[in-house]
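The structure appears right after this line, and notes come after that.
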Amino acid sequence: IGLKKVWHQSLKERQSWLKPVAELTISGQCKLLHVTRSVVYAKNKRLLKAVAKEESELLQLLDEKHTRHPFFGSRRMAQYLGE
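If you're matching positions, the sequence shown starts at 3 in the working numbering and goes up one per residue.
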């Protein structure tokens, strides 16, 4: 990507180009794309928070199911999760 092309793209589009690859660090990619690292890390933090919230809701559902049916084994709980 040439610099002219980078400057004419929106910030959101440049942020979407960032990928966690081994050849170039996130820091290096941010420098090349002229994107601040704090924006990238804040986005990642929001994504992790959303995943954590979803996981806690699933764990709460599992806990409720296990409390009502403590005799369910792993197979039956897996079947319950599949529904």
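Quick reminder that beta carbons are idealized off the backbone N, C-alpha and C, glycines included.
DSSP-derived helix/strand/coil call for residue i
| i | result |
| --- | --- |
| residue 71 | coil |
| residue 15 | helix |
| residue 59 | helix |
| residue 42 | helix |
| residue 21 | coil |
| residue 26 | coil |
| residue 37 | coil |
Check whether residue i and residue j have beta carbons under 9 Å apart
| i | j | result |
| --- | --- | --- |
| residue 13 | residue 37 | yes |
| residue 35 | residue 16 | yes |
| residue 71 | residue 77 | no |
Residue i, buried or exposed, once every other Cβ within 10 Å from all chains shown has been counted against 16
| i | result |
| --- | --- |
| residue 62 | exposed |
| residue 50 | exposed |
| residue 81 | exposed |
| residue 20 | buried |
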